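Numbering (the working numbering), first residue to last: 2 to 340. Ideal placement from N, C-alpha and C gives every residue a C-beta, glycine not left out. Predicted, not measured: the structure shown is a model, and the values here were computed from it. Remarks on the structure that follows.
Set out below in structure tokens:
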């Protein structure tokens with residue numbers, strides 16, 4: 002249970018998940034600080050920010066020697082999948098190792114939360130790992146997080162530790178979706194192949210931060226050396242997309258026959274070999290068709306969600322796009338008439 006005496010140290014709190022987590026912690030009057038190399042997106046969170054890089058051990062030593070944290074939530078990471086070179090994910094490997102090493106040095110820490118990803122395991126034949134330390138990493142990013150998990154498991158930490166694997170996270174303060182998927186949906190340009198359901202696990206960010214808060218407030222005997230997928234219960238991805246289109250455009254999602262979409266994807270592959278960018282290609286098409294869901298039921302049984310209603314959560318995100326979020330994105334700023 003978090004008390005007034007606790008001191009929470011967050012790494013990477015200036016990012017998408019961290020911004021929402023800090024909002025929650027402010028409401029709960031927690032004592033915390035955020036170490037991040039980037040300034041917070043929300044200007045009212047600057048007072049909690051310390052500029053620093055987890056790859057630099059001296060930055061961590063400076064904070065720990067002054068602050069003596071009791072709980073550490075490690076969010077800082079490179080999270081894209083653009084590179085195939087593991088050296089490009091140094092924050093995820095060496096940076097995470099530095100977090101483990103500094104926590105081992107300071108006995109004040111009683112609980113360490115290490116943030117991983119669902120990308121540490123992906124199999125088309127066996128959808129779920131048989132145990133927490135079974136890995137089939139997807140992308141180099143997934144490999145970097147596998148390394149982080151293994152370092153955590155084998156570190157002989159004296160404090161309690163918990164690994165969390167966020168699913169497909171969305172919601173307010175996501176800085177990519179407004180310029181990509183949500184804009185395409187709003188313009189009516191998105192089409193979806195007609196076929197069987199593609200089941201996915203989404204994580205509304207405020208449900209995810211609710212679960213992190215539940216973990217740090219739980220009995221350590223329950224959460225120690227445990228791995229939790231963070232997010233909502235799996236659903237047909239079409240339901241998620243349809244809700245967005247309904248609220249953005251007051252219309253229905255456009256569908257086309259699967260064979261047409263597959264043909265367009267093949268055309269995209271050919272154009273790609275010629276150096277011509279095209280919005281549809283086979284990898285993207287296959288991703289649209291695949292089931293990829295996680296065992297979030299274990300997490301939800303223990304820690305619940307803030308709000309399980311998809312419609313409410315989409316509405317809350319759109320309200321953010323109309324309000325605070327609009328100024329960050331020219332398209333939404335113009336649509337909602339923000340100066």
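Straight-line Cα distance separating residue j from residue i
| i | j | result |
| --- | --- | --- |
| residue 221 | residue 124 | 32 Å |
| residue 245 | residue 322 | 13 Å |
| residue 1 | residue 30 | In the structure as shown, the chain begins at 2 and stops at 340. Residue 1 is therefore absent and cannot be evaluated. |
| residue 356 | residue 55 | Outside the modelled stretch of the chain, which goes from 2 to 340, sits residue 356, for which no answer is possible. |
| residue 167 | residue 261 | 33 Å |
| residue 44 | residue 53 | 18 Å |
| residue 89 | residue 115 | 20 Å |
| residue 42 | residue 15 | 6 Å |
| residue 213 | residue 306 | 10 Å |
| residue 329 | residue 173 | 12 Å |
| residue 144 | residue 338 | 43 Å |
| residue 335 | residue 324 | 12 Å |
| residue 153 | residue 146 | 10 Å |
| residue 281 | residue 255 | 15 Å |
| residue 253 | residue 194 | 14 Å |
| residue 165 | residue 310 | 23 Å |
| residue 248 | residue 326 | 17 Å |
| residue 196 | residue 21 | 35 Å |
| residue 62 | residue 49 | 18 Å |
| residue 301 | residue 26 | 20 Å |
| residue 127 | residue 64 | 43 Å |
| residue 271 | residue 283 | 10 Å |
| residue 8 | residue 293 | 37 Å |
| residue 227 | residue 203 | 21 Å |
| residue 208 | residue 235 | 14 Å |
| residue 229 | residue 161 | 14 Å |
Which residues DSSP lists as bridging residue i, in chain order
| i | result |
| --- | --- |
| residue 194 | 257 |
| residue 230 | 166 |
| residue 201 | 236, 293 |
| residue 113 | 73, 162 |
| residue 122 | 137 |
| residue 52 | 37 |
| residue 171 | 205 |
| residue 10 | 34, 73 |
Reference residue i, options the options, closest by Cα
| i | options | result |
| --- | --- | --- |
| residue 37 | 47, 258, 28 | 47 |
| residue 142 | 82, 212, 262 | 82 |
| residue 93 | 231, 121, 334, 282 | 121 |
| residue 206 | 5, 317, 272, 32 | 317 |
| residue 11 | 275, 210, 257 | 210 |
| residue 66 | 208, 271, 110 | 110 |
| residue 251 | 266, 258, 242 | 242 |
| residue 320 | 179, 275, 196 | 179 |
| residue 105 | 24, 173, 72, 116 | 72 |
| residue 97 | 175, 272, 86, 76 | 76 |
| residue 304 | 99, 61, 264, 233 | 233 |
| residue 13 | 51, 118, 287 | 51 |
| residue 57 | 162, 157, 91 | 91 |
| residue 80 | 236, 238, 177, 74 | 177 |
| residue 188 | 112, 156, 333, 113 | 333 |
| residue 6 | 68, 39, 24 | 68 |
| residue 258 | 192, 215, 117, 288 | 192 |
| residue 231 | 17, 118, 28 | 118 |
| residue 290 | 273, 39, 201 | 201 |
Assigned exposure category for residue i - 16 Cβ within 10 Å defines buried
| i | result |
| --- | --- |
| residue 159 | exposed |
| residue 299 | exposed |
| residue 108 | exposed |
| residue 102 | exposed |
| residue 190 | exposed |
| residue 59 | exposed |
| residue 268 | exposed |
| residue 150 | buried |
| residue 70 | buried |
| residue 170 | buried |
| residue 276 | exposed |
| residue 175 | buried |
| residue 148 | buried |
| residue 74 | buried |
| residue 238 | buried |
| residue 285 | exposed |
| residue 35 | buried |
| residue 312 | exposed |
Any C-beta of chain B under 8 Å from that of residue i
| i | result |
| --- | --- |
| residue 217 | Absent from the structure: chain B. Only one protein chain is present. |
Residue i beta carbon near the ligand FMN (any heavy atom closer than 7 Å)
| i | result |
| --- | --- |
| residue 141 | As for the ligand FMN, it is missing from this structure, which has no ligand bound. |
> Quick check: the segment 131-145 against the segment 178-192, are there 3 or more CB pairs under 8 Å?
Replying inline: Touching, no.
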